[in-house]
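Everything on this sheet refers to the single structure shown next.
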Amino acid sequence: EPEVTQTPSHQVTQMGQEVILRCVPISNHLYFYWYRQILGQKVEFLVSFYNNEISEKSEIFDDQFSVERPDGSNFTLKIRSTKLEDSAMYFCAIWDIYPGELFFGEGSRLTVL
Amino acid sequence: DAKTTQPPSMDCAEGRAANLPCNHSTISGNEYVYWYRQIHSQGPQYIIHGLKNNETNEMASLIITEDRKSSTLILPHATLRDTAVYYCIVAYSGGGADGLTFGKGTHLIIQP
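Here the protein sequences line up with chains C and B, keeping their order.
According to the numbering used here, the first sequence is numbered sequentially starting from 8.
According to the numbering used here, the second sequence is numbered sequentially starting from -11.
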């Protein structure tokens, strides 16, 4: 079973600061994703990443967000200028055609003060 | 992706079978039924999926009605660790460009 490691597990930041969340899959995969879950709400799709570029993004994924896979292993989500409403759990996930299911990391909890 | 309807919450006694229903009356012919669960604030975890036939794995069984408009996830011997939110999702694939769309799911509470 694939492993997806996310760091940090919890980050507290001030509003307006930049945040980078990291995801390290242990091997290469077809698709990479970021999801977020605001406390008490649904798990929401943010973006999918395929062949080193964004494949799809939701309306949540505005200009404040960016993703990259700079060194072929780390997969990062950057929030340029955090807002209070960015406080949430952020989950990285990977997918391959086989076995065909999404594997999620344990999440990074972001708290914006 | 077709929409699904699940009860918001259910209780089940420990050791009994937990049967979680899902309605997906607008499912298309080549859409699969996927089940995931989320324990507390952990990342969602895949349980099982199926197209037409009933499926069973080490975690659960999936029963899909003949008209495919509804399905039931069965946890045969529920334990306290099965307390979680269970998501029923209908999709053409388990991932791809769009990933999966999660609804509110069913909060299953296993009672000791």
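Glycine is no exception: its CB is placed at the ideal position from the N, C-alpha and C atoms.
All values derive from a computational prediction rather than experimental measurement.
The beta strand (DSSP E) enclosing residue i, as first and last residue numbers
i	result
Asp70 (chain B)	Looking at the DSSP string, Asp70 (chain B) is not in any beta strand (DSSP E), and its letter there is neither H nor E.
Asn42 (chain B)	That residue, Asn42 (chain B), is in no beta strand (DSSP E); it is neither H nor E in DSSP.
Tyr(-1) (chain B)	Note that residue -1 (chain B) corresponds to Asp in the displayed sequence, not to Tyr. Element bounds for Asp(-1) (chain B): -3 to 1.
Gln18 (chain C)	17 to 20
Phe39 (chain C)	38 to 44
Asn7 (chain B)	6 to 11
Pro100 (chain B)	From DSSP, Pro100 (chain B) is part of no beta strand (DSSP E); its letter is neither H nor E.
From the options, residue whose alpha carbon lies closest to that of residue i
i	options	result
Leu88 (chain B)	C:Tyr40, C:Thr89, C:Arg87, C:Ile67	C:Tyr40
Asn18 (chain B)	B:Ser29, B:Leu50, B:Arg56, B:Tyr34	B:Arg56
Val119 (chain C)	C:Met96, C:Lys90, C:Ile104, C:Asp103	C:Lys90
Cys10 (chain B)	B:Thr60, B:Gly84, B:Ile97, B:Ala85	B:Thr60
Trp3 (chain C)	C:Asn58, C:Glu92, C:Asp78	Here chain C has residues from 8 to 120 only, and residue 3 (chain C) is not among them.
Ile77 (chain B)	B:Thr94, B:Gln30, B:Asn42, B:Asp(-1)	B:Thr94
Glu25 (chain C)	C:Arg76, C:Ser80, C:Lys49, C:Arg87	C:Arg87
Glu10 (chain C)	C:Leu84, C:Pro106, C:Ala100, C:Ile45	C:Ala100
His17 (chain C)	B:Ile35, B:Ser29, B:Glu54, B:Ser81	B:Ser29
Gly47 (chain C)	B:Lys92, B:Ile98, B:Leu96, B:Gln99	B:Lys92
Gly38 (chain B)	B:Ala85, B:Tyr80, B:Thr67	B:Tyr80
Neighbour list for residue i in chain B, Cβ cutoff strictly below 8 angstroms
i	result
Ser94 (chain C)	Within chain B, no residue comes near Ser94 (chain C); the closest Cβ sits about 13 angstroms away, beyond 8 angstroms.
Contact list for residue i against chain C, beta-carbon separation under 7 angstroms
i	result
Gln(-6) (chain B)	Per Cβ cutoff of 7 angstroms: no residues; Gln(-6) (chain B) is ~12 angstroms from chain C at best.
Tyr74 (chain B)	Near Tyr74 (chain B) there are no residues of chain C at all, since even the closest Cβ is about 13 angstroms away, more than 7 angstroms.
Residues that residue i contacts on chain C, provided the C-beta gap is smaller than 8 angstroms
i	result
Ser29 (chain B)	Gln44, Met96, Gly114, Arg116
Gly82 (chain B)	Trp102, Gly107, Glu108, Leu109
Under 9 angstroms from the C-beta of residue i: neighbouring residues of chain C
i	result
Ala85 (chain B)	Tyr38, Ser55, Tyr57, Ser62, Glu63
Neighbour list for residue i in chain E, Cβ cutoff strictly below 7 angstroms
i	result
Leu88 (chain B)	Of the protein chains in this structure, namely C and B, none is chain E.
Contact set between residue i and chain B, taken where Cβ atoms lie within less than 9 angstroms
i	result
Phe52 (chain C)	Asp86, Gly87, Leu88, Thr89, Phe90
Runs of 4 residues minimum, wholly inside the region 48 to 97 of chain C: which ones carry the alpha helix (DSSP H) assignment?
none
Pairs of beta-carbons, one from the region 61 to 76 of chain B and one from the region 23 to 33 of chain B, closer than 8 angstroms: are there three or more?
yes
Contact between the region 104 to 117 of chain C and the region -10 to 1 of chain B is defined here as three or more beta-carbon pairs at a separation below 8 angstroms; is this criterion met?
no
Between the region 54 to 73 of chain C and the region 41 to 54 of chain B, are three or more C-beta pairs nearer than 8 angstroms?
no
As an exercise, report each continuous alpha helix (DSSP H) stretch of at least 4 residues that is fully enclosed by the region 15 to 61 of chain B, in chain order.
none
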